[in-house]
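J.: Protein sequences appear in the order of chains D and L. Using the numbering used here, read the first sequence as starting at 5 and increasing by one per residue. Using the numbering used here, read the second sequence as starting at 5 and increasing by one per residue. Quick reminder that beta carbons are idealized off the backbone N, C-alpha and C, glycines included. On a predicted model such as this, the values are computed, not experimentally measured, just so you know. Here it is, the structure, as structure tokens.
Protein chains: 2
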Amino acid sequence: MSQIYDRVALIGLGLIASSMFWAIKRAGLAGEVTGYARSEETRETARRIGLCDKVYDTAKDAVKDADLVVLCVPVGVMGAVAADLAPALKPGATLTDVGSVKRQVISDVTPHLSDDIHFVPAHPLAGTEHSGPESGFAELFDNRWCLLITDDTTDRKAADDLAAFWRGLGSMVEEMDADHHDLVLAVTSHTPHLIAYTMVGVADDLRRVSESEVIKYSASGFRDFTRIAASDPTMWRDVFLNNKDATLEILGRFTEELFALQRAIRRGDGDHLHAYFTRTRAIRRGIIEAGQDTDAPDFGRGKAQ
Amino acid sequence: MSQIYDRVALIGLGLIASSMFWAIKRAGLAGEVTGYARSEETRETARRIGLCDKVYDTAKDAVKDADLVVLCVPVGVMGAVAADLAPALKPGATLTDVGSVKRQVISDVTPHLSDDIHFVPAHPLAGTEHSGPESGFAELFDNRWCLLITDDTTDRKAADDLAAFWRGLGSMVEEMDADHHDLVLAVTSHTPHLIAYTMVGVADDLRRVSESEVIKYSASGFRDFTRIAASDPTMWRDVFLNNKDATLEILGRFTEELFALQRAIRRGDGDHLHAYFTRTRAIRRGIIEAGQDTDAPDFGRGKAQ
């Protein structure tokens, strides 16, 4: 892999930025990587563990002379962070982000940018339940999708370079527009997360089953929910506040279906349940065939011991 | 580990029974293991792969002289299977099952048993999304809980032997009564499965997002739902039909909480969302500390490639 940018600036130094840094170094994608985090503690941690070639105390200093600036901050503060650093951006630089919501981020960020900045929003579909500068690892994006948001106003050279950069980080790259992205993510990520959070909250709140029982017996299904319900609360609050319409639409569909199944249980309609449960098996097979999960029968067990 | 029973009969030869067989052999827990399956195809597969020391064409022949008989059939047919084989049970034998619902199984099975049979229902909290006689493996129960259903009418010797047997299979054993079991499982397993099935069904049905997109981008959360929504449809139909009350109770709590979160999204109440998402993180930490899942940051990725 060869160098794509002379200087890359990572703004916000959590799981995604720290993983990007290690993956940039693994592949030699940038001459120099600078970084900035709002919290002094995070900046000090980054300096201690060698995260970024240089960590600056202000975003403006970090982005100076950078060819690519990556906003790795929660969706809710993208606009404010962009407003702060925009005056220091190098003319001709590419600005991108890694937020889980795109339409709102574009609305919040674009007004602060001059015409000589190429804004190409992006969303790497990768993560773990861990957060912070020490949680990153170079393999996070390997074999995972990164979605670039493009339309007919996108600078083609900037988008192509950014796509090559993400492929260098290990990702597979696809382009789509912002509205479609937000709907796809509402289905595949945002609504599943909200549902998982809800189920974990219900279990936590149930007085007749102790928390220790919920924890002990979690391997029977509940465990898979707790994994995604342990993600960063600030990130997820911002996702739901900023992808409100698509999430509420999918939630509406979800409750409609859930009520139909609930009614089948109440009426003892086994045929309805069996047909529904048979249909959902096919999607699982598709995911395994697409290489997005493992089919290993002892799933999770070996490592849990 | 030493032998606990001279002869064990496995009735129904799917994932659980086949895993039990390999685990019995691993630990030397029985002198001989017999088996029976309703389908001739399953019996032939079992004979071909050496599953059970002897496979019989009728349940009555399989249970003859057995000290322990294990019903490994869907919850909905436990009663009929017990009625069929009960006349052939050896006086003093222990009968158990592996069903995911206990109150209804006890109601269905008990009337067919004479007083000299010790019925001790059990439920190993272990499984994969795979089913059938070829899906079993000896490690399935390692480090997983097995719940024995006991009350003041339980024969103590029979229960203690069964507990030792399950520990020999690799499980940790706990005892509780049937109603509490059904509520605990409604929270930790049955409702999560129903919700996962629902979410996968919604995604499958959505016209504006293609199935290939759902599959490609599933790693962002949806994937964890598809894993549990790929389980055996007959087993799960029977679970919901037979643990109706507890499941409907937990579903009621779930929709109540979901509506509160939905309202918070609609009103833009970030504080409510953030507080809820913070609370649910603690349960996740408890599960990892209890050894029921792994904390590895590259979860699932290594094996998926």
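Who are the Cβ neighbours of R30 of chain L in its own chain at under 6 Å, not counting the five residues just before and after it?
T.: Answer for R30 of chain L: A142, listed in chain order.
J.: Please classify F263 of chain L as buried or exposed, where buried requires at least 16 other C-beta atoms within 10 Å of its C-beta.
T.: Result: exposed.
J.: Name the chain D residues that come within less than 8 Å of K248 of chain L, Cβ to Cβ?
T.: Per Cβ cutoff of 8 Å: I269, R270, G272.
J.: Could you tell me which residues DSSP puts in a beta bridge with Y60 of chain L?
T.: BP columns for Y60 of chain L point to L:Y40.
J.: Identify every residue that forms a DSSP beta bridge with T100 of chain L.
T.: The partner list for T100 of chain L (beta bridge, DSSP) reads L:V74.
J.: What residues in its chain sit with their C-beta under 7 Å from that of A234 of chain D, if we drop five residues either side in the sequence?
T.: Hits under 7 Å: E133.
J.: Report the residue from D:I269, D:I153, D:D183, D:P128 whose alpha carbon sits nearest the alpha carbon of G225 of chain L.
T.: Out of D:I269, D:I153, D:D183, D:P128, D:P128 has the C-alpha closest to the C-alpha of G225 of chain L.
J.: In terms of residue numbering, what span does the alpha helix (DSSP H) encompassing D275 of chain D cover?
T.: It spans 274-293 - the alpha helix (DSSP H) in which D275 of chain D sits, taken as one unbroken run.
J.: Can you have a look at A286 of chain D and say buried or exposed, based on whether 16 or more other CB atoms are within 10 angstroms of its CB?
T.: Classification for A286 of chain D: exposed.
J.: What does V191 of chain L reach in chain D if we use C-beta pairs closer than 8 Å?
T.: Residues of chain D passing the Cβ test: V206, A207, L210, V213, V218, F226.
J.: Per DSSP, what are the beta-bridge partners of W26 of chain D in this structure?
T.: Per DSSP, none; premise fails for W26 of chain D.
J.: Along the alpha helix (DSSP H) that carries I269 of chain D, what are the first and last residues, could you check?
T.: Residues 248-271.
J.: DSSP has E179 of chain D in a bridge; who is on the other side?
T.: Paired residues: D:L152.
J.: Can you grab the Cα-Cα spacing for the pair R270 of chain L / V206 of chain D, in whole Å?
T.: Computed Cα separation, rounded: 21 Å.
J.: Can you name the residues of chain D whose CB is closer than 7 Å to the CB of W240 of chain L?
T.: Those within 7 Å of W240 of chain L in chain D are F281.
J.: Nearest to L117 of chain D by alpha carbon, out of D:S135, D:T98, D:A126?
T.: Nearest of D:S135, D:T98, D:A126 to L117 of chain D, Cα basis: D:T98.
J.: Strictly by DSSP, which residues pair up with F123 of chain L?
T.: Per DSSP, L:L99.
J.: My parser needs the alpha helix (DSSP H) runs of 4 or more residues fully inside the segment 181-212 of chain L; what are they?
T.: As far as the segment 181-212 of chain L is concerned, its whole alpha helix (DSSP H) runs of at least 4 residues are 182-189, 195-209.
J.: Taking 7 Å as the CB-CB limit, is I291 of chain L close to chain D?
T.: For I291 of chain L, the answer is yes, since a Cβ of chain D falls inside 7 Å of its Cβ.
J.: Helix, strand or coil: which one does DSSP assign to G83 of chain L?
T.: G83 of chain L falls in the helix class under three-state DSSP.
J.: Does the structure place the segment 235-242 of chain L close enough to the segment 275-284 of chain D that three or more beta carbon pairs sit under 8 Å?
T.: The segment 275-284 of chain D vs the segment 235-242 of chain L: in contact.
J.: For the ligand SAH, any of its heavy atoms closer than 6 Å to the Cβ of V102 of chain D?
T.: For the ligand SAH, the structure offers nothing, since it holds no ligand at all.
J.: Evaluate contact between the segment 158-170 of chain D and the segment 171-182 of chain L, counting only Cβ atoms and requiring at least three cross-stretch pairs below 8 Å.
T.: No contact exists between the segment 158-170 of chain D and the segment 171-182 of chain L.
J.: Taking S222 of chain D and T192 of chain L to be in contact with their CB atoms under 8 Å, please state how far apart those CB atoms are, rounded to whole angstroms.
T.: Confirmed, about 6 Å.
J.: Could you compute how far the alpha carbon of V73 of chain D sits from the alpha carbon of M24 of chain D?
T.: One C-alpha to the other measures close to 12 Å.
J.: Kindly say whether S169 of chain D, judged by its beta-carbon, lies nearer than 7 Å to any beta-carbon of chain L.
T.: Position check: residue 169 of chain D holds Phe in this sequence, whereas Ser was assumed. No, F169 of chain D does not count as interfacial toward chain L.
J.: Could you give the C-beta distance for I28 of chain L and A34 of chain L, rounded to a whole number, given that I count them as a contact under 8 Å?
T.: Confirmed, Cβ separation roughly 5 Å.
J.: What span of residues does the alpha helix (DSSP H) with D165 of chain D cover, start to end?
T.: Note, D165 of chain D: alpha helix (DSSP H), 160-172.
J.: Roughly how far, in whole angstroms, is the beta-carbon of A250 of chain L from the beta-carbon of D186 of chain L, given that I think they are within contact range, below 8 Å?
T.: So it is a contact: roughly 5 Å between Cβ atoms.
J.: Assuming G290 of chain L contacts N147 of chain L (C-beta within less than 8 Å), just tell me the rounded distance between them.
T.: That pair is no contact at about 16 Å.
J.: Have a look at G80 of chain L and S6 of chain L and give me their C-alpha separation to the nearest angstrom.
T.: Rounded to whole angstroms, G80 of chain L to S6 of chain L spans 34 Å at the Cα level.
J.: If you draw a straight line from the C-alpha of R51 of chain L to the C-alpha of D101 of chain L, how long is it?
T.: Distance between the alpha carbons of R51 of chain L and D101 of chain L is about 23 Å.
J.: Classify I8 of chain L as helix, strand or coil using the three-state DSSP reduction.
T.: Three-state DSSP puts I8 of chain L in coil, outside helix and strand.
J.: Suppose you measure from the CA of D65 of chain D to the CA of Q108 of chain D; what does that come to, to the nearest Å?
T.: One C-alpha to the other measures close to 26 Å.
J.: Please go through the same chain and pick out, in chain order, the residues whose beta-carbon is closer than 7 Å to the beta-carbon of A130 of chain L, but skip the five residues on each side of it.
T.: Only L144, F145, R148 meet the Cβ criterion.
J.: Less than 8 Å between C-beta atoms, sequence neighbours within five positions excluded: which residues of the same chain meet that for G306 of chain D?
T.: In this prediction, G306 of chain D scores a pLDDT of 35, lower than 50, which makes its location untrustworthy; the coordinate-derived value is nonetheless stated afterwards. No residues qualify anywhere along the chain.
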